[in-house]
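Under UniProt numbering, the sequence shown has 150 at position 150, and the numbering climbs by one with no breaks. All residues carry an ideal CB built from backbone N, CA and C; glycine is no exception. Input: a single structure, listed below in structure tokens.
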Amino acid sequence: MSQAVMTEKAVMTLEASGLTRRFGDRVAIEDVSFHVAPGETYGLLGPNGAGKTTTIRVVCGLLAPDAGEVTVAGLPVAATATEAKARIGYVPQEVSLYPDLTARENLRFFGRLYRLRGQELRDRVEEVLELIGLADRGDDRVESYSGGMKRRLNIGASLLHRPELLVLDEPTVGVDPQSRHAIMESIANLGTAGMAVLYTTHYMEEAERLCDRVGVIDHGHLVAEGTRRELVARVGEKDRITLSATGSLALFAEACRRIEGIEQVDTADSSVHLIATDGRRRLAQVLAAATVTDTSVRSVEVEEPDLEAVFLHLTGTALRE
Numbered sequence: 001m002s003q004a005v006m007t008e009k010a011v012m013t014l015e016a017s018g019l020t021r022r023f024g025d026r027v028a029i030e031d032v033s034f035h036v037a038p039g040e041t042y043g044l045l046g047p048n049g050a051g052k053t054t055t056i057r058v059v060c061g062l063l064a065p066d067a068g069e070v071t072v073a074g075l076p077v078a079a080t081a082t083e084a085k086a087r088i089g090y091v092p093q094e095v096s097l098y099p100d101l102t103a104r105e106n107l108r109f110f111g112r113l114y115r116l117r118g119q120e121l122r123d124r125v126e127e128v129l130e131l132i133g134l135a136d137r138g139d140d141r142v143e144s145y146s147g148g149m150k151r152r153l154n155i156g157a158s159l160l161h162r163p164e165l166l167v168l169d170e171p172t173v174g175v176d177p178q179s180r181h182a183i184m185e186s187i188a189n190l191g192t193a194g195m196a197v198l199y200t201t202h203y204m205e206e207a208e209r210l211c212d213r214v215g216v217i218d219h220g221h222l223v224a225e226g227t228r229r230e231l232v233a234r235v236g237e238k239d240r241i242t243l244s245a246t247g248s249l250a251l252f253a254e255a256c257r258r259i260e261g262i263e264q265v266d267t268a269d270s271s272v273h274l275i276a277t278d279g280r281r282r283l284a285q286v287l288a289a290a291t292v293t294d295t296s297v298r299s300v301e302v303e304e305p306d307l308e309a310v311f312l313h314l315t316g317t318a319l320r321e
């Protein structure tokens, strides 16, 4: 996960303000606002049909909003805003490649669309093939690729012109675990290198791993946003600490109850279960209490609330429904 440094005066790569889009009588998104800083990976997390794809199509200028505005690197995004769009790399859910061409031929074609020519184009094609891990298959036709390899090449095509903002619409759907891991590694490296990334997914574990901040979208509304810890704090979820131990568990449990931030203590068989605020910060005091009460701790497990628990709390529905 990248570590974006943001201040109040920082220039955001992406600013989306009050985005609303209707399809007939159906409101797909309403008053959606968020920003993405240089080097930050921002995740739009929500179930299928929540409004994620509509949001990013508006961000990329592929759909005009009924209300609101988008700027990329300070430039307004609209259907005819070629300068702003040139700062964006867009990776749609559907693979947009020519199956009867090789990977190199596909990249050269898309590179020319981005007005790359000559040695610059040739160098950039090779750089991208290395980045996505397909240099050894660059002369193979895309029709011979696995689904995961096609998606990696799809991402590569969007990187040829070195965009300031990379927008990915659920890029790991339907791929094998190995390709999924490779895609996520590539995206993490891009954020570290300073590129702003807008990433939509309905997989909680991807957002946990990749995103500096997350916006939870449901029924077209951005219902919450922040870091994982901020979102968890907002809904009041607590950490759970389980200790496997022997000795005077009753005395140990009583000592734990006196530790600030420990809100509940239970014992069962050879285990002590704690519910705590910011559990990892309490561990030193908990282990000190074990020493004082002559309790031998064999193992400690800290279970922190995740984004799926947050989403369920905010929307009342499971993440993948």
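Minimum C-alpha distance to residue i - residue among the options
{"i": "Ala276", "options": "Val125, Asp212, Tyr199, Gly261", "result": "Gly261"}
{"i": "Thr246", "options": "Ser296, Asn154, His202", "result": "Ser296"}
{"i": "Arg229", "options": "His221, Ile241, Glu208", "result": "Glu208"}
{"i": "Gln93", "options": "Leu153, Pro305, Leu231", "result": "Leu153"}
{"i": "Asp100", "options": "Gln119, Tyr145, Arg141", "result": "Arg141"}
{"i": "Arg298", "options": "Asp278, Phe110, Ser270", "result": "Ser270"}
{"i": "Glu151", "options": "Gln285, Tyr114, Ala182, His221", "result": "Rather than Glu, the amino acid found at residue 151 in this sequence is Arg. The shortest Cα separation from Arg151 among Gln285, Tyr114, Ala182, His221 belongs to Ala182."}
{"i": "Glu225", "options": "Leu307, Gly194, Pro76", "result": "Leu307"}
{"i": "Ala268", "options": "Val286, Arg281, Gln285, Ser248", "result": "Ser248"}
{"i": "Glu205", "options": "Arg117, Met184, Gly220, Leu222", "result": "Met184"}
{"i": "Ile259", "options": "Ser244, Arg115, Gln285", "result": "Gln285"}
Inter-residue CB distance, residue i and residue j (contact presumed, cutoff 8 Å)
{"i": "Gly148", "j": "Asp176", "result": "5 Å"}
{"i": "Ile217", "j": "Lys52", "result": "6 Å"}
{"i": "Ala81", "j": "Gly68", "result": "Their Cβ separation, rounded to whole angstroms, is 15 Å, which puts Ala81 and Gly68 out of contact at 8 Å."}
{"i": "Leu121", "j": "Gly133", "result": "Not really, about 20 Å apart at Cβ, beyond 8 Å."}
{"i": "Glu301", "j": "Thr242", "result": "5 Å"}
{"i": "Gly194", "j": "Gly39", "result": "5 Å"}
{"i": "Leu14", "j": "Ala196", "result": "6 Å"}
Residue i - DSSP class collapsed to helix/strand/coil
{"i": "Asp212", "result": "coil"}
{"i": "His273", "result": "strand"}
{"i": "Ser179", "result": "helix"}
{"i": "Asp136", "result": "helix"}
{"i": "Leu19", "result": "strand"}
{"i": "Arg141", "result": "strand"}
{"i": "Gly174", "result": "coil"}
{"i": "Val95", "result": "coil"}
{"i": "Asp306", "result": "coil"}
{"i": "Arg162", "result": "coil"}
{"i": "Leu314", "result": "helix"}
{"i": "Leu168", "result": "strand"}
{"i": "Thr295", "result": "coil"}
{"i": "Gln3", "result": "Only weak support is given to the placement of Gln3: the predicted model assigns it a pLDDT of 49, under 50, and the question is left unresolved by the model."}
Pair within 8 Å by beta-carbon distance, residue i and residue j
{"i": "residue 331", "j": "Asp31", "result": "Beyond the ends of the chain as shown, which are 1 and 321, falls residue 331; an answer cannot be given."}
{"i": "Ala73", "j": "Glu164", "result": "yes"}
{"i": "Tyr90", "j": "Ser158", "result": "yes"}
{"i": "Ala289", "j": "Cys256", "result": "yes"}
{"i": "Leu190", "j": "Val167", "result": "no"}
{"i": "Gly46", "j": "His202", "result": "yes"}
{"i": "His161", "j": "Val235", "result": "no"}
{"i": "Glu304", "j": "Asp239", "result": "yes"}
{"i": "Ile155", "j": "Ser179", "result": "no"}
{"i": "Arg108", "j": "Asp139", "result": "no"}
{"i": "Gly43", "j": "Leu210", "result": "yes"}
{"i": "Phe34", "j": "Gly220", "result": "no"}
Any C-beta of chain C under 8 Å from that of residue i
{"i": "Val197", "result": "This model lacks chain C altogether, as it is built from one protein chain only."}
| task | For the segment 185 to 273, list the beta strand (DSSP E) runs that are entirely contained and at least 3 residues long, ordered along the chain. | result | The DSSP assignment places complete beta strand (DSSP E) segments of no fewer than 3 residues inside the segment 185 to 273 at 196 to 201, 213 to 218, 221 to 226, 239 to 246, 262 to 268, in order along the chain.
| Enumerated in chain order, which unbroken segments of the alpha helix (DSSP H) with a length of 4 residues or greater are wholly contained in the segment 10 to 82? | Assignment of alpha helix (DSSP H) within the segment 10 to 82, counting only whole runs of 4 or more residues, yields 52 to 59 in chain order.
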